[in-house]
Amino acid sequence: MNNIAKKFFMALSQNETLNTTAKKWGPHLGAEKVVAGTTIPETITSIKKLNAYGISCTVDNLGEFVSEKNEAVKAKEQIISMIEAIHYNHVDAHISLKPSQLGLDIDFDFCLNNLTEIVAKAAEYDIFVNFDMEDHPRLQPSFDILDEITKTYSNVGTVIQAYFFRAVEDIKQYKDLRLRIVKGAYKESENVAFQTKEEIDDNYLRLIEWHLLYGKFTSIATHDHHVINHVKQFVEEHDISRDKFEFQMLYGFREDMQHGLAEEGYNFCTYVPFGDDWYGYFMRRLAERPQNLNLMFRQVFNKRTNTVIGLVAGAFVLGRLSKRNKKDKE
Ligand SMILES: Cc1cc2nc3c(=O)[nH]c(=O)nc-3n(C[C@H](O)[C@H](O)[C@H](O)COP(=O)(O)OP(=O)(O)OC[C@H]3O[C@@H](n4cnc5c(N)ncnc54)[C@H](O)[C@@H]3O)c2cc1C
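Per this note's numbering, residue 1031 is the first one in the sequence shown, and the count goes up by one each step.
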């Protein structure tokens, strides 16, 4: 059942028609709980609220897998406006971005120029920029862009996804950057990535421990309290200073725990997505872990949204069945 739910939401996340319709609606179906605003001023207000709890923010202009140059340019301009808003509002925040939103799938040099422009503007204001990591085909090109940009700028870092076999090598290569370590959110093949929860969790802890001991600065991005408790104990035992790491969670998830960790004196950073391109992000959150799916149902779904999801799920299953029937007949 969990696998069906995962495939269902992953398939929905890639549906272009639903994505276009969703943009027109604005955040719905519970997405409004996990998206901090559709405009920059709304998002700055959300950031100020988090800052008041001693929580810093990493801000993501929603959108990905862009295939038109004008869309990538629009995204770049929006991110630069957000950098200016962070600076002029004196909020404690930096930028997270997805290379595929800035033209990675269109042309390498075009994307490199867009990212360089963003990083250069952020450097003017001493603002950090994190390159989020996407799926496997985009992994090496993203590292290649990072390699080019770090020749000139030092206000950049990236993400290591623990489900990849190559993560252990990548973390060593990029140990001198500020790194966010995550389990990994995309569906990846068994040729390149661990498939079981146990293997991914084991590798996750191994990578975190290594980077805490030998790396520059570690962002431990997880909602998993087992991992968080393990890290608390590990840093205590190895006398690792609290300035060397932070915990990160997504906006709207486990808010009590976010506030609690900040109150305990740990550096805490919330990943704050904003904009109207919420659909793919939201569907991936529902798809990525069955536990999250259940929690989302409990936390944000009411009778009306359950009905909508039920209808969409029914249509999805019927669509799959009729496709299969058609294939059987052919
Ligand atoms: C700040 C941030 C940035 C990210 N950036 C990227 C990125 O650039 N690239 C990428 O591929 N992925 C990224 N991810 C997603 C990440 O890879 C995982 O897919 C996602 O975080 C789910 O894994 P998890 O470690 O949170 O816990 P899971 O493995 O989903 O859950 C483990 C356990 O934690 C508990 N738990 C989890 N969620 C909740 C909840 N909401 N409430 C209560 N208990 C809960 C449950 O007990 C669950 O069994 C990011 C995640 C975060 C938090």
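Backbone N, C-alpha and C define an ideal beta-carbon position, used for all residues, glycine too.
Cβ separation of residue i and residue j, assumed to be a contact under 8 angstroms, to the nearest whole Å
{"i": "leucine 1280", "j": "tyrosine 1296", "result": "Going by Cβ atoms, the distance from leucine 1280 to tyrosine 1296 rounds to 17 angstroms, so no, they are not a contact pair."}
{"i": "alanine 1292", "j": "glycine 1084", "result": "5 angstroms"}
{"i": "isoleucine 1179", "j": "threonine 1146", "result": "6 angstroms"}
{"i": "glycine 1305", "j": "threonine 1088", "result": "Between threonine 1088 and glycine 1305 the Cβ distance is about 15 angstroms, and since that is not below 8 angstroms, they are no contact."}
{"i": "lysine 1151", "j": "isoleucine 1175", "result": "Not quite, the Cβ-Cβ distance comes to about 16 angstroms (not below 8 angstroms), so this is no contact."}
{"i": "aspartate 1231", "j": "valine 1189", "result": "Actually they are not in contact, since the Cβ atoms of aspartate 1231 and valine 1189 sit about 17 angstroms apart, beyond 8 angstroms."}
{"i": "lysine 1246", "j": "aspartate 1206", "result": "5 angstroms"}
Minimum C-alpha distance to residue i - residue among the options
{"i": "valine 1149", "options": "Ser1126, Asp1231, Ile1136 and Arg1272", "result": "Ser1126"}
{"i": "serine 1086", "options": "Glu1199, Phe1095, Leu1092 and Ile1074", "result": "Ile1074"}
{"i": "alanine 1223", "options": "Leu1169, Cys1141, His1268 and Gln1263", "result": "Leu1169"}
{"i": "aspartate 1254", "options": "Ala1292, Glu1220, Gly1282 and Lys1213", "result": "Lys1213"}
{"i": "tyrosine 1309", "options": "Glu1094, Val1186, Glu1285 and Tyr1234", "result": "Glu1094"}
{"i": "isoleucine 1211", "options": "Lys1078, Pro1171 and Asn1160", "result": "Asn1160"}
{"i": "phenylalanine 1283", "options": "Asn1049, Thr1146, Lys1063 and Gln1044", "result": "Lys1063"}
{"i": "valine 1198", "options": "Asn1081, Asp1122, Glu1239 and Thr1146", "result": "Glu1239"}
{"i": "leucine 1242", "options": "Ile1230, Glu1276 and Cys1299", "result": "Glu1276"}
{"i": "phenylalanine 1140", "options": "Val1103, Ser1111, Phe1194 and Phe1173", "result": "Val1103"}
{"i": "histidine 1260", "options": "Ile1157, Ala1041 and Tyr1234", "result": "Tyr1234"}
{"i": "isoleucine 1258", "options": "Asn1100, Ser1172 and Gln1278", "result": "Gln1278"}
Range of the contiguous beta strand (DSSP E) that encloses residue i
{"i": "aspartate 1162", "result": "That residue, aspartate 1162, is in no beta strand (DSSP E); it is neither H nor E in DSSP."}
{"i": "leucine 1209", "result": "1208 to 1212"}
{"i": "glycine 1290", "result": "Segment 1285 to 1293 is the alpha helix (DSSP H) holding glycine 1290; no beta strand (DSSP E) there."}
{"i": "tyrosine 1124", "result": "The amino acid occupying residue 1124 in the given sequence is histidine; tyrosine does not appear at that position. Unbroken beta strand (DSSP E) run through histidine 1124: 1123 to 1127."}
{"i": "valine 1065", "result": "Valine 1065 -> no beta strand (DSSP E), and no H or E assigned at all."}
{"i": "alanine 1251", "result": "1247 to 1251"}
{"i": "asparagine 1091", "result": "1086 to 1091"}
{"i": "threonine 1075", "result": "From DSSP, threonine 1075 is part of no beta strand (DSSP E) but of the alpha helix (DSSP H) over 1070 to 1082."}
{"i": "valine 1222", "result": "Run containing valine 1222: none; DSSP gives neither H nor E here."}
{"i": "phenylalanine 1158", "result": "Neither: phenylalanine 1158 is in no beta strand (DSSP E) and is coded neither H nor E."}
{"i": "phenylalanine 1277", "result": "1275 to 1280"}
Opening and closing residue of the alpha helix (DSSP H) in which residue i lies
{"i": "alanine 1102", "result": "1099 to 1118"}
{"i": "phenylalanine 1148", "result": "This sequence places isoleucine at residue 1148; phenylalanine is not what is there. From DSSP, the alpha helix (DSSP H) with isoleucine 1148 extends over 1138 to 1154."}
{"i": "glutamine 1044", "result": "That residue, glutamine 1044, is in no alpha helix (DSSP H); it is neither H nor E in DSSP."}
{"i": "tyrosine 1296", "result": "Unbroken run through tyrosine 1296: none, as it is neither H nor E."}
{"i": "leucine 1132", "result": "That residue, leucine 1132, is in no alpha helix (DSSP H); it is neither H nor E in DSSP."}
{"i": "phenylalanine 1264", "result": "1255 to 1267"}
Neighbour-count burial assignment, residue i, 16 or more Cβ in a 10 Å radius
{"i": "tyrosine 1155", "result": "exposed"}
{"i": "isoleucine 1250", "result": "buried"}
{"i": "aspartate 1286", "result": "exposed"}
{"i": "glutamate 1267", "result": "exposed"}
{"i": "proline 1420", "result": "Nothing about residue 1420 can be read from this structure; the chain reaches only from 1031 to 1360."}
{"i": "phenylalanine 1164", "result": "Reading the sequence as shown, one finds glutamate at residue 1164 and not phenylalanine. Buried is the call here."}
{"i": "aspartate 1358", "result": "At aspartate 1358, the pLDDT of 46 sits below 50, so the modelled position is not reliable and the matter cannot be decided from this model."}
{"i": "tyrosine 1311", "result": "buried"}
{"i": "threonine 1050", "result": "exposed"}
{"i": "aspartate 1307", "result": "buried"}
{"i": "asparagine 1324", "result": "The predicted position of asparagine 1324 is uncertain, since its pLDDT is 48 and thus under 50; a value taken from the coordinates is nonetheless stated next. Result: exposed."}
{"i": "arginine 1272", "result": "exposed"}
{"i": "glutamate 1360", "result": "Its pLDDT being 44, under 50, glutamate 1360 is placed unreliably by the model, and the measurement read from it follows with that caveat. Flag for glutamate 1360 reads exposed."}
{"i": "threonine 1182", "result": "exposed"}
{"i": "glutamine 1225", "result": "exposed"}
Chain D within 9 angstroms of residue i, Cβ atoms only
{"i": "alanine 1317", "result": "Reference to chain D is not applicable here, since this structure consists of a single protein chain."}
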